[in-house]
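Only one structure is covered here, and it is reproduced in the block below.
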Amino acid sequence: MSEKLLFRIVAGVSVFVFVVVVLLNRKVLPAPAVDPSSILILPKLNAFINGTCSVLLLLSLYFIKQKNIAVHKKLNLTAFFLSSLFLVSYITYHWLAPQEAKFGDLNGDGIVDPAELTKAGSGRTVYLIILITHIVLAALVLPMVLLSFYWGLKMEVTKHRKITRWSYPIWLYVTITGVVVYLLISPYYLK
Numbered sequence: 001m002s003e004k005l006l007f008r009i010v011a012g013v014s015v016f017v018f019v020v021v022v023l024l025n026r027k028v029l030p031a032p033a034v035d036p037s038s039i040l041i042l043p044k045l046n047a048f049i050n051g052t053c054s055v056l057l058l059l060s061l062y063f064i065k066q067k068n069i070a071v072h073k074k075l076n077l078t079a080f081f082l083s084s085l086f087l088v089s090y091i092t093y094h095w096l097a098p099q100e101a102k103f104g105d106l107n108g109d110g111i112v113d114p115a116e117l118t119k120a121g122s123g124r125t126v127y128l129i130i131l132i133t134h135i136v137l138a139a140l141v142l143p144m145v146l147l148s149f150y151w152g153l154k155m156e157v158t159k160h161r162k163i164t165r166w167s168y169p170i171w172l173y174v175t176i177t178g179v180v181v182y183l184l185i186s187p188y189y190l191k
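Going letter by letter, the sequence shown gives residues 1 to 191 in the UniProt record's numbering.
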């Protein structure tokens, strides 16, 4: 496959995923009516998947430093599969949830009023900074991860190493902050 075609495919997949996430997350496409209690487990599942991916990525780094390419490859394939599963679960939850959880929304009415803002304090600012960096970097890392995987599987080691110097720390940050975001917002999820 030519690099031009590879970049087009990666760009196409990345843009498609981004558009789907935005459309479903922002409720542009109507969601079917579901019992909200049937999806309440998904945020916890997503945090578990992110945490597992973090561990897998750290182990992957360890094993490649030990020159154990076979284990490195298996760990990364597992992390990639779990990240794909996470994406499906994330989209499902945000599409089907009747309303978004908002940090500081103590009474669950979907509005963070001035009194709730005061109670949330600087924790809300910290949460929003982590959330925004998590979202932006999650969108940016997808094409890098796809290229890392392609070149790694093709054993184009020079190209794989070059892009992985960027994709690995960003992917690791995204998986770790995914857990942190869940821990910070979980008190405000619908019960």
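Even for Gly, the Cβ is constructed at its ideal location relative to N, Cα and C.
Backbone CA spacing between residue i and residue j [nearest angstrom]
{"i": "LEU146", "j": "VAL157", "result": "15 angstroms"}
{"i": "TRP151", "j": "ALA79", "result": "16 angstroms"}
{"i": "LEU29", "j": "PHE18", "result": "14 angstroms"}
{"i": "ILE111", "j": "PHE16", "result": "31 angstroms"}
{"i": "LEU24", "j": "VAL10", "result": "21 angstroms"}
{"i": "ILE176", "j": "SER84", "result": "16 angstroms"}
{"i": "ASN50", "j": "LEU153", "result": "23 angstroms"}
{"i": "TYR62", "j": "LEU172", "result": "14 angstroms"}
{"i": "THR52", "j": "LEU5", "result": "33 angstroms"}
{"i": "ILE170", "j": "LEU142", "result": "10 angstroms"}
{"i": "GLY108", "j": "GLU116", "result": "11 angstroms"}
Range of the contiguous alpha helix (DSSP H) that encloses residue i
{"i": "PRO169", "result": "157–185"}
{"i": "ARG8", "result": "3–25"}
Legend entry - Contact the region 171–186 vs the region 123–130: 3+ CB pairs below 8 angstroms: The region 171–186 vs the region 123–130: in contact.
Legend entry - Those runs of the alpha helix (DSSP H) which lie wholly inside the region 50–134 and span at least 4 residues: 69–96 and 114–120
Inset, instruction - Could you say if the region 97–112 and the region 157–172 meet the contact criterion of at least three C-beta pairs nearer than 8 angstroms? - result: no
Inset, instruction - May I ask you to verify whether the region 58–68 touches the region 35–42, counting CB pairs closer than 8 angstroms and requiring at least 3? - result: no
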